[in-house]
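Residue numbers (this note's numbering): 1 to 285. Backbone N, C-alpha and C fix where the C-beta goes; we use that ideal spot for every residue, glycine too.
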């Protein structure tokens with residue numbers, strides 16, 4: 001039987017966890033885990049990071065003594081990644097330093113705001129089950145003990161080499177996809193023949209509402225809220241127009257609209273939570 005491997009998204013700060021990250025990346029392959037650790041590359045990288053979290057089998061958060069670099073919304077990349085993994089109900093492990101205040105000052109946040117956000121984040125994580133560590137050896141032992149336990153408690157599909165998949169299974173998948181393509185082609189043809197009048201469609205300054213979910217941060221707490229944003233169709237078009245010189249998948253439209261809502265959505269959130277100070281992880285509904 002071919003060995004099965006599991007993709008594990010690793011979320012961790014950098015400056016305070018250089019050696020710990022190295023140990024984690026060495027140990028995970030020994031446990032049949034393929035670590036996925038992406039560097040932060042600015043706000044445009046979030047859609048890609050989000051998809052990688054969703055495609056992974058498991059999620060590991062490694063927290064030392066820093067809150068981490070911030071997203072434009074004011075929360076750290078690690079915080080945002082953890083919230084998204086929780087929303088997607090990914091089986092996850094949290095490895096948290098037991099005494100971050102005892103680590104060298106050079107490994108701690110410089111600003112009072114950073115230290116406050118770090119403590120708020122720790123309190124959020126403590127609401128779940130955490131694996132505490134102090135020394136590198138503690139972390140290594142915790143990984144060897146808890147990763148197999150997580151995989152046993154939450155079995156996931158994993159990944160095997162394509163050579164291990166039988167041709168009959170491949171034929172079944174191809175047939176199913178071909179059937180779906182035929183359905184979509186029939187739907188397109190029916191729509192083209194329906195005779196829809198363009199002057200009956202909404203346009204220009206006509207207003208529409210976009211319903212979406214977002215993680216709203218207020219007072220150190222994060223809450224998933226349903227929100228509504230009112231805008232004109234011109235606003236919608238301007239949000240998506242730059243990439244329409246070429247055909248785009250539906251995912252592109254979702255990502256561009258979500259980007260616009262991340263900019264203007266804080267006003268929507270404050271209709272429900274007046275003290276909201278940040279909004280992340282917008283998902284259209």
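Measuring only the C-alpha atoms, how far is residue i from residue j?
i	j	result
residue 69	residue 82	14 Å
residue 1	residue 94	Below a pLDDT of 50, predicted positions are generally treated as unreliable, and residue 1, at 44, falls in that range; no measurement from the model is reported.
residue 202	residue 256	20 Å
residue 77	residue 215	13 Å
residue 250	residue 92	29 Å
residue 244	residue 235	15 Å
residue 184	residue 173	17 Å
residue 151	residue 129	15 Å
residue 176	residue 186	16 Å
residue 107	residue 39	19 Å
residue 258	residue 283	7 Å
residue 147	residue 89	17 Å
residue 61	residue 231	37 Å
residue 181	residue 26	43 Å
residue 125	residue 252	33 Å
residue 263	residue 49	19 Å
residue 145	residue 139	10 Å
residue 15	residue 21	10 Å
Does the beta-carbon distance from residue i to residue j come in below 9 Å?
i	j	result
residue 261	residue 229	yes
residue 9	residue 56	yes
residue 154	residue 114	no
residue 159	residue 4	yes
residue 73	residue 285	no
residue 212	residue 277	no
residue 46	residue 13	no
Verify the contact flag: residue i, CB atom, against every heavy atom of the ligand SAH, threshold strictly below 8 Å.
i	result
residue 215	Absence of the ligand SAH from the depicted structure is noted, as is the absence of any ligand whatsoever, leaving it without description.
Got a sec, what are the start and stop residues for the beta strand (DSSP E) residue i sits in?
i	result
residue 75	Residue 75 -> no beta strand (DSSP E), and no H or E assigned at all.
residue 209	207–218
residue 7	6–12
residue 104	Counting along the chain, residue 104 falls outside any beta strand (DSSP E), and DSSP gives it neither H nor E.
residue 29	Here residue 29 belongs to no beta strand (DSSP E); instead the alpha helix (DSSP H) covers 18–30.
residue 47	First-last for residue 47: 46–55, but that is the alpha helix (DSSP H), not the beta strand (DSSP E).
residue 289	This structure cannot speak to residue 289, because the chain is shown only from 1 to 285.
residue 283	278–284
residue 35	33–36
residue 67	Segment: none, residue 67 is in no beta strand (DSSP E) and carries neither H nor E.
By alpha-carbon positions, which one of the options ends up nearest to residue i?
i	options	result
residue 109	242, 85, 64 and 190	64
residue 219	38, 49 and 273	273
residue 224	58, 85 and 116	85
residue 134	179, 104, 118 and 111	104
residue 11	29, 141 and 35	35
residue 295	240, 227, 143 and 119	Outside the displayed span of the chain (1 to 285) sits residue 295, for which this structure offers no information.
residue 227	100, 117, 127 and 271	271
residue 7	51, 182 and 267	51
residue 208	222, 49, 237 and 139	237
residue 290	96, 58 and 140	Summary: the structure shown does not reach residue 290, with the chain confined to residues 1 through 285, and so no result is reported for it.
residue 206	123, 233 and 145	233
residue 210	221, 268, 194 and 189	268
residue 141	127, 30 and 80	30
residue 156	58, 112 and 246	58
Taking residue i as part of the alpha helix (DSSP H), name the residues at either end of that continuous run.
i	result
residue 252	250–272
residue 238	233–240
Self-check item: Continuous alpha helix (DSSP H) assignments of at least 4 residues falling wholly in the segment 120–187
Solution: 136–153
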